[in-house]
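First comes the structure, then the notes that go with it.
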Amino acid sequence: MTGLGWDHLWVNIHLATMVPSTEPCGAIIDGAVAVTGDRIAWIGKRDDLPGGASRPAAAVHDGGGRWMTPGLIDCHTHLVFGGERAREFELRLKGASYEEIARAGGGIVSTVAATRAASAGELLAAARPRLDAFLREGVTTIEIKSGYGLDTASELKMLRVARRLGAEAPVSVVTSFLGAHALPPEYAGRQGDYVDLVCTEMLPAVARSGLADAVDAFCETIGFTPDETARIFTAAASLGLKVKLHADQLSDLSGAGLAARFGALSADHLEYTSLDSVRAMAASGTVAVLLPGANYFLRERQMPPVAAFRDAGVPIAIASNCNPGSAPVLSLLLMLSMAATLFRLTPEEALAGVTRNAAHALGLDDRGVLAVGKRADLALWDIAHPAELAYWIGHNPCHAVVHGGAPRAITT
Ligand code: DI6
């Protein structure tokens, strides 16, 4: 707080607060938002401003009648990686499947080779423009996974790069350790030994380093079995680390149910999730993170059971899954469009999926909605209605972004 009162005051704006209310998107028409430090200090109708519209703030901003939402949250990315896999994309277009390419030694492990070969500086330089693409679209919090190192030093290198991105860019970075993403080639035929390595060497090293906010795994026929995943989650829990899971993406191994049993923050992908697993997620409060970019790019026909999540009250989040193999996605707004068109979410559900529910998926209760006391992570949009955020395809109406109370420039 300055001597003048609030640090910032925005007026002449409409607010999609995303606070559950009787109004769609928790909307406040002709609202105002005041910020002190990195927090929202006041929010409501402009007419209800204490002291009237003349209440002083160090900076008063005219929103020009635009809409303000919480800063967007991308709760599932593999943003840090070496190389690219355009050649693999060509093979898939000729008929090879994602699984066939993986089983033939391509896929994730080809990115592992490129990531191991890259220095931290090279990984940082490659990731920064990708991150900037998300920042231009109003993203103020982004999750970044490891999982292309698959040895202790390379996994820690990835996590360090992710943390460094958060230190250098105006965005909050949340990290996940994904050592159980694929079997590294040097462990071929010895998957159990690799799981031992993850549990007894990698996880303790990651926990000591403080570089990971959660532990993730890929539970799949081309990944890790439910038993192996359970071992990894048990080890993570013994180190006090929260868990989340790539589950039921290509087949139903009851991964989402397993994640729920471990009280996971989220289960992600979920195309093949059964009704039993949906019920288990509802009971444990595990968020369903849907990744329409991978569904589209892999030409997957099976859709996640959205109606069942809705009926069971499972919160649904949407994320980019930015990665070189299944989702070379650099636009979270495009994921809103795909979530609506492919998965039949309403535009409001899609927006909740990258704000309120995405915060929930990361275990963050200080953001994701516009309310007093929440972080002042804000995005201002040149739109006439919040549904436009899911409506345009390939258009970015982001006008301004505020991260932790600090307005940041949009560079196009
Ligand atoms: N599922 C995915 O879609 C990403 N990881 C995973 O477990 C894909 C990662 C890649 O293909 O590089």
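So the sequence shown is residues 4 to 415, counted in the numbering used here. Beta carbons are placed, not taken as given, at the ideal position from N, Cα and C, and that holds for glycine. This one's a predicted model, so the numbers in the text were calculated from it and none came from an experiment.
Take residue i and list the residues in its own chain whose beta-carbon comes closer than 6 Å to its own, dropping the five residues that flank it on each side.
i	result
R119	S157
A154	Position check: residue 154 holds Asp in this sequence, whereas Ala was assumed. Closer than 6 Å at the Cβ level, and outside the excluded window around D154, lies no residue.
G408	V38, G40, D41 and A379
V22	G29, V372 and A374
S287	A263 and G266
L181	K148, S149, G150 and D219
M71	I16, L18, L381 and L383
S175	T144
A297	N324, S329 and A330
Alpha carbon to alpha carbon, how far is residue i from residue j?
i	j	result
V83	A172	14 Å
D271	I321	9 Å
T228	R133	32 Å
L373	N326	30 Å
V317	E26	21 Å
R163	V218	15 Å
V357	H81	17 Å
E352	H79	17 Å
D135	D65	26 Å
R208	L244	The residue asked about is misnamed: residue 208 is Ala in this sequence, not Arg. Answer to the nearest angstrom: the Cα atoms are 12 Å apart.
L159	M205	9 Å
T5	R49	Only weak support exists for where T5 lies, its pLDDT of 42 falling under 50; the value from the coordinates is given anyway. About 21 Å.
G152	A220	14 Å
A89	I46	47 Å
G54	L365	37 Å
P410	I43	13 Å
I111	G85	11 Å
M161	A123	7 Å
S24	I31	10 Å
A183	E231	9 Å
D196	C222	17 Å
A210	L248	18 Å
A238	S212	16 Å
G74	G192	45 Å
D255	V63	53 Å
On the DSSP bridge assignment, give the partners of residue i in chain order.
i	result
T25	In the DSSP output, where bridge partners are listed per residue, T25 has none listed.
D65	V14
H249	F221 and D271
E146	V177
W70	H17 and W384
I321	L293
K160	None; K160 has no bridge partner.
H440	There is no way to answer for residue 440, as the model of the chain reaches only from 4 to 415.
T39	R42
L75	V142
F227	C222
A30	A19
R378	R42
C401	W384
Write down the C-beta distance between residue i and residue j rounded to the nearest angstrom, noting that I regard them as a contact closer than 8 Å.
i	j	result
V281	A315	5 Å
A19	P389	4 Å
V404	R347	The pair is not a contact, with the Cβ atoms about 29 Å apart (cut-off 8 Å).
R378	D41	6 Å
L268	A233	Incorrect: roughly 16 Å between the Cβ atoms, too far for contact.
D216	T276	Actually they are not in contact, since the Cβ atoms of D216 and T276 sit about 24 Å apart, beyond 8 Å.
L383	H406	Actually they are not in contact, since the Cβ atoms of L383 and H406 sit about 12 Å apart, beyond 8 Å.
E91	G109	6 Å
Could you say which of the options lies nearest to residue i if we only look at CA atoms?
i	options	result
R167	R264, E125, F300 and R411	E125
G14	T25, P59 and P400	It should be pointed out that residue 14 corresponds to Val in this sequence rather than to Gly. Taking only the C-alpha atoms, the option nearest V14 is P59.
I386	G8, I16 and L12	I16
D77	V63, R131, V142 and D199	V142
A283	A259, Y299, Q305 and S122	A259
C149	A185, R131 and A170	Just to set this straight, residue 149 is Ser in the shown sequence, not Cys. Closest option to S149, Cα to Cα, is A185.
D33	L52, L181, T224 and G74	L52
R302	L278, I319 and E274	E274
L214	S254, Y190, E146 and D251	E146
R106	V292, G226 and A362	G226
Under 8 Å from any heavy atom of the ligand FAD, does the C-beta of residue i make it?
i	result
A217	Absent from the structure shown: the ligand FAD. Ligands present: the ligand DI6.
Closer than 8 Å by C-beta to residue i: which residues in its own chain qualify, once you throw out the five before and the five after it? Chain order, please.
i	result
P295	I321, M338, M341, A342, L345 and F346
G68	N15, I16 and H17
P187	V112, V115, L153, D154 and Y197
W395	L336 and S340
L354	A19, M21, C28, T72, L339, P389, L392 and A393
At least one CB of chain D closer than 9 Å to the CB of residue i: is that the case?
i	result
N298	Absent from the structure is chain D; it holds one protein chain and no more.
Ignore the nearest five residues each way along the sequence and tell me which others in residue i's own chain have a CB closer than 7 Å to its CB.
i	result
A311	L278 and V281
E87	P327
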